[in-house]
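To keep things clear, I will list the structure first and then write my remarks on it.
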């Protein structure tokens with residue numbers, strides 16, 4: 011009843027004059043009631059409080075980390091030069107450019123270049139820790155390992171987690187989530203948490219060639235369209251992953267921008283060479299839909 015009275019105070023007539031904001035002791039209950047009564051304005055206040063609380067919790071640590079990384083020496087950029095070869099993107103050189111370093115690239119021999127700016131980041135043991143409230147704990151199990159994360163934050167960023175914890179499912183009753191069926195490691199899941207963490211709101215954390223496939227899988231599972239879009243944008247120019255492997259992701263994950271890359275950005279000669287080089291894999295049953303085949307045929 012005390013929690014409901016705080017909810018009434020937050021939506022009362024007085025609250026119209028003196029804006030009553032959530033606090034760490036009641037934000038989870040207010041969020042639950044705001045969702046139940048479909049009060050989007052109160053949900054937005056709760057969400058803003060959660061973000062500020064969690065960001066401020068890490069401010070001192072992050073300030074030291076930013077100062078250190080700004081002055082540190084180390085890799086500044088990655089430069090990948092590649093060329094077309096029989097329907098594939100063949101990497102010629104993969105260069106890591108250090109600060110104050112120089113590198114000569116003969117562009118007439120390697121007309122295609124991908125440049126990525128590198129940023130040193132602090133390794134955080136748990137990027138999404140739970141709040142002080144015991145009701146905010148959600149334990150994720152992968153194999154024989156586990157990590158406890160903030161259920162409130164995951165509910166904010168993932169419709170899937172929100173549904174799991176809003177109805178009487180096993181995950182809500184046991185406060186656990188088992189991800190063994192996704193074929194990922196705990197290290198990969200921790201990189202996923204880093205990409206969706208509170209810190210990622212300040213410093214945008216982008217996928218890289220070593221984690222983009224796992225991030226895409228988890229973004230699709232948790233229905234995080236914004237993270238899927240980041241993965242898709244990276245995959246378009248991720249020449250480290252064979253072109254055929256990226257092509258086969260299009261329909262599995264509904265990647266329309268990557269599909270447009272093949273249908274509109276590749277000229278007819280390059281698209282034809284790609285299809286001929288991978289005819290056997292593409293012809294296997296269920297690889298791509300009949301509709302997609304028609305679009306490819308019209309493009310040639």
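Residue numbers (the numbering used here): 11 to 310. Beta carbons: idealized from backbone N, C-alpha and C, even for Gly.
query                                                                                                                                                                       : result
Just to confirm the assignment, what range does the alpha helix (DSSP H) spanning residue 267 have?                                                                         : 266-270
Using three-state DSSP, classify residue 139 as helix, strand or coil.                                                                                                      : coil
Would you list, in sequence order, the uninterrupted beta strand (DSSP E) runs of no fewer than 3 residues that lie entirely inside the region 137-195?                     : 147-152, 155-160 and 186-188
Who are the Cβ neighbours of residue 194 in its own chain at under 6 Å, not counting the five residues just before and after it?                                            : 224
Compute the Euclidean distance between the alpha carbons of residue 127 and residue 274, then round it to the nearest angstrom.                                             : 27 Å
Go ahead and label residue 227 buried or exposed: buried means 16 or more other beta carbons lie within 10 angstroms of its beta carbon, across all protein chains shown.   : buried
For residue 22, tell me which candidate among 287, 38 and 49 has the shortest Cα-Cα distance.                                                                               : 49
Keeping to the same chain, check which residues put their C-beta closer than 7 Å to that of residue 310; ignore five residues upstream and five downstream.                 : 278, 281 and 282
Rounded to the nearest angstrom, how far is the Cβ of residue 170 from that of residue 232, given a contact under 8 Å?                                                      : 5 Å
Could you compute how far the alpha carbon of residue 58 sits from the alpha carbon of residue 52?                                                                          : 10 Å
Within 10 angstroms of the Cβ of residue 99, are there 16 or more other Cβ atoms? Answer buried if so, exposed if not.                                                      : buried
Roughly how many angstroms separate the alpha carbons of residue 256 and residue 266, rounded to a whole number?                                                            : 12 Å
Report buried or exposed for residue 140, applying the criterion of at least 16 other Cβ atoms within 10 angstroms of its Cβ.                                               : buried
Between which two residues does the beta strand (DSSP E) holding residue 214 run?                                                                                           : Per DSSP, residue 214 belongs to no beta strand (DSSP E) and is neither H nor E.
Taking residue 109 as the reference, which of 234, 260 and 85 has the closest Cα?                                                                                           : 85
Just to confirm my understanding: we take residue 299, look at its own chain, exclude 5 residues before and 5 after, and list those with CB closer than 8 Å. What are they? : 261
For the ligand ADP, is there a heavy atom less than 7 Å away from the beta-carbon of residue 104?                                                                           : The ligand ADP is not among the ligands present in this structure, which contains no ligands whatsoever.
If you reduce the DSSP assignment to three classes, tell me which class residue 233 lands in.                                                                               : coil
Tell me the DSSP secondary structure of residue 126 in three-state form.                                                                                                    : strand
On the DSSP bridge assignment, give the partners of residue 92 in chain order.                                                                                              : 101 and 122
Could you please give me the residues that DSSP links to residue 85 through a beta bridge?                                                                                  : 108
So, is residue 238 buried or exposed, given that buried needs 16 or more other C-beta atoms within 10 angstroms?                                                            : buried
How many Å lie between residue 301 and residue 308 at the Cα?                                                                                                               : 11 Å
Could you check what DSSP says for residue 13 in three-state terms: helix, strand or coil?                                                                                  : helix
Between the alpha carbons of residue 102 and residue 186, how many angstroms are there, rounded?                                                                            : 46 Å
In chain order, what residues of the same chain lie with their CB nearer than 7 Å to the CB of residue 165, ignoring the 5 residues before and after it?                    : 171, 172 and 175
Which of the three DSSP states, helix, strand or coil, is assigned to residue 206?                                                                                          : coil
Restricting to Cα atoms, I'd like to know which of 151, 157 and 19 is closest to residue 135.                                                                               : 157
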